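See structure below.
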Amino acid sequence: NVRQIVTVNKNNEINKKYGICNRNKQSYGTDSFQQTATANAVFPELNSDWFQLDGLLTNEEQLMRKKVRNFMESEVAPVINSFWERAEFPHHLLPRLGALGIGGCNQQGYGCSGHPIMTQGVIMMEMARVDPSLSLCFLVHDSLCMYTISALGNDDQKQRFLPKLASFQHVGCWALTEPEWGSDASSLATTATKVEGGWRLDGKKRWIGNSTFADVCVVFARNTLTEEINAFILQPPKLSSHQWSAQKMDNKTGMRVVQNGDISLSGVLVQEADRLPLATSFQAANEALAASRLMVVWQPVGMCMGVYDMCLRYCKERSQFGAPLAAQPITQEKLMRMLGTIQAMALMAWRVTQLREKGEATAGMISLAKGWNSLHGREVAALGRELLGGNGILHDFHVAKIFNDMEAVHTYEGTYEINMLVAGREATGLAAFKTR
């Protein structure tokens with residue numbers, strides 16, 4: 040088509056005038072029309088770390104950051120869009136995650152990596168920059184399932200479950216949320232009834248990530264004798280379909296790679312040896328949530344970095360009205376607004392993690408950081424969506440996917456409103472919502 044060739048040549052001339060490289064342009068979608076911007080299968084280089092976060096990190100943290108970034112850009116970015124589109128999980132990546140040596144962060148022994156909390160946050164950021172879904176699967180597996188067993192289990196339980204989880208030979212999930220109880224999770228209705236030799240679990244769970252293929256599941260249930268919340272380790276592959284079913288939740292518009300499931304528990308018999316001995320109240324669940332919520336503080340940082348990196352490349356490559364989009368005043372204003380917000384988000388994540396490592400971070404601090412970062416993450420994603428115009432609704436250019444995924448981040452690990460109320464209660468000394 041002569042018109043298409045003329046358009047491409049004209050844009051190439053404009054980009055040459057402004058000194059912009061035009062390599063690696065790719066077609067996308069189902070037709071062969073050659074676009075004048077590079078799709079996200081070739082992920083853009085990191086340009087969003089404007090205030091040089093590496094300067095605040097140790098050598099180990101910097102090395103792990105680069106290692107995870109290289110893996111995500113080279114092995115995940117080229118394939119992940121098709122899995123997101125089909126709402127399927129890329130099982131072939133599990134051995135590669137194991138080879139990275141990231142399983143069992145902030146946990147010692149039993150085959151765990153033992154990476155410090157800051158390293159764990161940096162891993163989460165770099166994973167989320169390329170694909171938030173995979174970072175969420177990792178969070179559920181590592182920061183919830185593994186951490187709960189490590190923190191609340193006995194030596195026998197750690198020996199039996201952690202090594203294979205740490206190597207990703209087994210995948211873990213964590214079941215707290217129920218159909219009727221989301222933000223008010225402490226009101227959960229799943230029961231644990233004492234029987235000879237152990238416990239019988241009955242109830243339903245909802246929104247449980249990794250549950251459709253998990254090898255290990257930590258389940259929270261109400262002890263019918265004490266009315267307190269206890270936790271139990273289940274091995275779904277060893278349960279009958281009558282006892283356990285995990286039905287994939289369809290029709291999600293965000294985090295589509297994550298296999299969230301509706302779990303049904305019917306007369307599941309659990310040995311006493313698989314009850315976590317230190318999980319004697321809802322506070323046990325809160326301990327695990329505090330660890331994982333801190334990681335969610337880092338997630339929107341990485342997501343926004345990916346959005347900015349993609350938008351910067353796109354706006355430099357694509358030209359309109361005789362100049363690259365990046366040369367337009369309104370484009371530069373939006374890009375700088377995004378860039379400034381990202382630096383603030385990253386510094387907030389770094390500081391609250393530093394406080395956590397010192398044992399000084401409170402629940403309110405972590406909640407404030409999670410809520411603030413997810414709120415401003417939505418703003419960055421929306422600006423990116425505007426900058427890409429019509430291509431902003433195609434996941435081929437990354438931003439559309441992140442725009443949807445960010446909505447999930449804004450909700451899980453405590454909605455924005457709940458996190459603000461947790462922080463507000465701590466700051467004012469007054470509770471604005473019902474507590475038990």
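Numbering-wise, the working numbering comes out as the position in the sequence shown, counting from 1, plus 39. Ideal Cβ positions, reconstructed from N, Cα and C, are used throughout, including at glycine. Bear in mind that the values here come from a model prediction, so they are computed numbers and not experimental data.
| query | result |
| --- | --- |
| Within its chain, find whatever has a CB closer than 7 Å to the CB of Ala253; leave out the 5 residues flanking it on each side and keep chain order. | Val210, Gly211, Cys212 and Pro275 |
| Asn269 lies in the beta strand (DSSP E); which residues open and close that run? | Ile268 to Leu273 |
| Could you give the C-beta distance for Ile432 and Ala421, rounded to a whole number, given that I count them as a contact under 8 Å? | Incorrect: roughly 12 Å between the Cβ atoms, too far for contact. |
| Excluding the 5 residues flanking Asp444 on each side, which residues of the same chain have their C-beta closer than 6 Å to its C-beta? | Pro171, Gly293 and Met294 |
| Please classify Ala385: is it buried, with 16 or more other beta-carbons within 10 angstroms of its beta-carbon, or exposed? | buried |
| Measuring straight from C-alpha to C-alpha, what distance separates Thr263 and Leu317? | 17 Å |
| Quick one: give me the first and last residue of the beta strand (DSSP E) that Asn262 is part of. | Val255 to Asn262 |
| Would the beta-carbon of Gly248 fall within 8 Å of that of Asn299? | yes |
| Which word fits Pro363, buried or exposed, when buried means at least 16 other C-beta atoms lie within 10 angstroms of its C-beta? | buried |
| How would you call Pro83, buried or exposed, if buried means at least 16 neighbouring beta carbons within 10 angstroms? | buried |
| Taking the straight line between their C-alpha atoms, what separation do you get for Ser206 and Tyr149? | 10 Å |
| Gly463 by DSSP, collapsed to three states: which one? | helix |
| Cα separation between Met342 and Gly236? | 47 Å |
| Taking the alpha-carbon of Phe110 as reference, which of His449, Gly137, Arg125 and Leu227 has the nearest alpha-carbon? | Gly137 |
| Among Gly345, Ile119 and Leu204, which has the Cα closest to the Cα of Gly142? | Leu204 |
| Could you give the distance in angstroms between the alpha-carbon of Arg239 and the alpha-carbon of Gln322? | 22 Å |
| Can you tell me where the beta strand (DSSP E) with Thr454 in it begins and where it stops? | Run containing Thr454: none; DSSP gives neither H nor E here. |
| Can Thr251 and Asp241 be called in contact, C-beta distance under 8 Å? | no |
| Go through its chain and collect everything with a Cβ distance to Gly153's Cβ below 6 Å, but skip five positions before and after it. | Gln147 |
| Select from Asn290, Phe436 and Cys144 the residue whose C-alpha is nearest the C-alpha of Tyr186. | Cys144 |
| With C-beta atoms as the reference, is Met344 less than 8 Å away from Ile381? | yes |
| Tell me which same chain residues have a C-beta within less than 7 Å of the C-beta of Glu396, skipping the five on either side of it? | Pro155, Ile156 and Met157 |
| Note down, one range per segment and in chain order, each beta strand (DSSP E) of at least 3 residues found wholly within the region 187-230. | 211-214 |
| Look at Val391 and Leu304 and say whether their C-beta atoms are less than 8 Å apart. | no |
| Let me know if Asp181 comes out buried or exposed under the rule of 16 or more other beta-carbons within 10 Å of its beta-carbon. | buried |
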